[in-house]
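Trainee:
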Amino acid sequence: MEYLDAKFPNLPPNVLVGLQQYHFVGLGPLSSFAKVVGLEYLVKWKPVGGQPGSPPIAGVGEIGGGGLTKVLVNAVQALIGAIHSSSIIKSKSKANNSNNNNNNNQNGNGDAAKEFIHKYLIPQYRLYDNQFYLHNNTTNDNLTAGSSAIIANLMNCTAYSSTNPKRVLKALLDRKGLPSKLHYRILKESGRLSANPVFIVGVFINNNNNNSSTQLIKIGEGFGSSIKMAEFRATRHALLSYYAKELNTFDLPSNPNYRPNRLGDTIAIP
């Protein structure tokens with residue numbers, strides 16, 4: 001969770017939890033990782049068909065309930081749990097042998113499991129997400145491949161899925177201390193008088209606080225068969241661009257050099 005929280009600092013808590021399910025504890029990424037490291041060859045599973053020595057291809061309940069997938073997920077979770085338990089046992093053993101409790105608790109808090117996750121699982125999740133993005137790239141939003149999963153999760157976010165995104169965007173701009181007056185401009189259009197018109201609209205805000213419209217900054221862009229639809233999508237895209245902000249370099253909260261966001265920059269978790 002701390003990895004996603006640091007990488008996507010603007011995500012609302014409910015979206016962050018959903019993203020954690022997709023990236024870390026979901027059936028897709030965990031079963032994919034299990035197959036990459038060969039766990040499907042090691043777990044005891046009753047195969048149906050196939051040749052001796054080949055990976056199990058199906059089992060009781062596999063077709064209807066995803067049996068093999070769930071078995072692989074359980075195997076990965078058991079592996080991480082074993083690493084965590086082993087690190088605690090080793091730290092306690094060292095503490096008993098040296099009688100120095102002040103020097104041996106650092107490895108008993110799951111650091112070994114954490115190191116395993118960051119070294120092996122997270123790179124695999126990036127690959128999994130890139131594959132998801134390549135097969136589901138139906139948007140022209142200028143977001144990185146790593147943000148593709150967020151697009152679907154943000155649809156369940158109260159702020160992003162609001163029927164009045166203009167009000168939500170203005171409230172966000174006020175909270176950030178930015179000019180909240182929205183300016184919409186038609187960037188491109190085609191077939192205005194035809195049966196299938198297309199409009200591309202951008203939403204802008206003032207570059208300063210003097211309410212001058214001479215200097216504008218584009219914060220979102222959308223298209224639609226009407227100007228209102230394009231404005232609606234442009235406003236939602238502006239919200240998405242903020243909430244889906246992805247940091248390439250960051251410190252984890254567990255690192256000594258971590259500096260949290262200032263109060264007011266994120267939504268408090270109740």
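For the sequence shown, full-length UniProt numbering begins at 1 and goes up steadily by one. For each residue, glycine too, the CB sits at the ideal point set by N, CA and C.
1) Is it the case that the Cβ atoms of residue 216 and residue 204 are separated by a distance below 7 angstroms?
2) Starting from residue 18, trace the alpha helix (DSSP H) both ways and give me its first and last residue.
3) If you count every other CB in all the chains shown that lies within 10 Å of the CB of residue 163, and 16 or more means buried, which is it?
4) Have a look at the DSSP bridge pairing and note the partners of residue 167.
5) In whole angstroms, what is the alpha-carbon distance linking residue 64 and residue 81?
6) For a quick check, are the C-beta atoms of residue 113 and residue 169 less than 7 angstroms apart?
7) At what residue ranges does the segment 167-254 contain a whole run of the beta strand (DSSP E), taking only runs of 3 or more?
8) What does the alpha-carbon distance come out to for the pair residue 87 and residue 93?
9) Pick from 249, 255 and 257: whose alpha carbon is nearest that of residue 7?
10) Since residue 76 and residue 39 are thought to touch, with beta carbons under 8 angstroms apart, how far apart are those beta carbons, to the nearest angstrom?
11) Taking residue 175 as the reference, which of 121, 72 and 10 has the closest Cα?
12) Below 7 angstroms between beta carbons: does that hold for residue 224 and residue 236?
13) Three-state secondary structure (DSSP) at residue 8?
14) Measuring only the C-alpha atoms, how far is residue 167 from residue 17?
15) Among 29, 116, 68 and 196, which residue has its Cα nearest to the Cα of residue 83?
16) For residue 258, does the count of other Cβ atoms within 10 angstroms reach 16, so buried, or fall short, so exposed?
17) Return the Cβ separation of residue 202 and residue 220 in integer angstroms, given the expectation that the two are a contact with Cβ distance under 8 angstroms.
18) Enumerate in chain order the residues of its own chain whose CB-to-CB distance from residue 242 is below 7 angstroms, with the five nearest sequence positions on each side excluded.
19) Could you tell me the alpha carbon to alpha carbon distance between residue 4 and residue 194, rounded to whole angstroms?
20) With DSSP collapsed to three states, give me the class of residue 81.
21) Which residue comes first and which comes last in the alpha helix (DSSP H) that contains residue 36?
22) Have a look at 189, 218 and 200 and flag the residue whose alpha-carbon is nearest the alpha-carbon of residue 180.
23) Between residue 251 and the rest of its own chain, which residues show a CB-CB distance below 6 angstroms, the 5 nearest in sequence each way excluded?
24) Assuming the contact rule is C-beta atoms closer than 8 angstroms, residue 121 and residue 33 should be a hit. Round their C-beta distance to whole Å, please.
Mentor: Let me lay it out:
1) Yes, the pair counts as a contact, with Cβ atoms nearer than the cut-off.
2) 13-20
3) Exposed, because fewer than 16 other Cβ atoms sit within 10 Å of the Cβ of residue 163.
4) Residue 167 pairs with nothing; no bridge assigned.
5) At residue 64 the pLDDT is 42, less than 50, meaning the model places this residue with poor confidence and gives no usable figure here.
6) At least 7 angstroms separates the beta-carbon of residue 113 from that of residue 169.
7) 183-190, 198-206 and 216-224
8) 10 angstroms
9) The option with the nearest alpha carbon to residue 7 is 249.
10) At roughly 7 angstroms, the Cβ-Cβ gap stays under 8 angstroms, so residue 76 and residue 39 are in contact.
11) 10
12) no
13) The answer is coil: DSSP assigns residue 8 none of H, G, I, E or B.
14) Those two C-alpha atoms are separated by around 25 angstroms.
15) 116
16) exposed
17) With 8 angstroms as the limit, residue 202 and residue 220 qualify as a contact, their Cβ atoms being about 7 angstroms apart.
18) 10 and 172
19) Computed Cα separation, rounded: 46 angstroms.
20) helix
21) Where residue 36 is concerned, the enclosing alpha helix (DSSP H) stretches over 27-36.
22) It is 218 whose Cα lies nearest to the Cα of residue 180.
23) Beyond the five residues adjoining it in sequence on each side, residue 251 comes within less than 6 angstroms, by CB distance, of 257 and 258 in the same chain, given in chain order.
24) About 6 angstroms separates the two Cβ atoms, so the contact holds.
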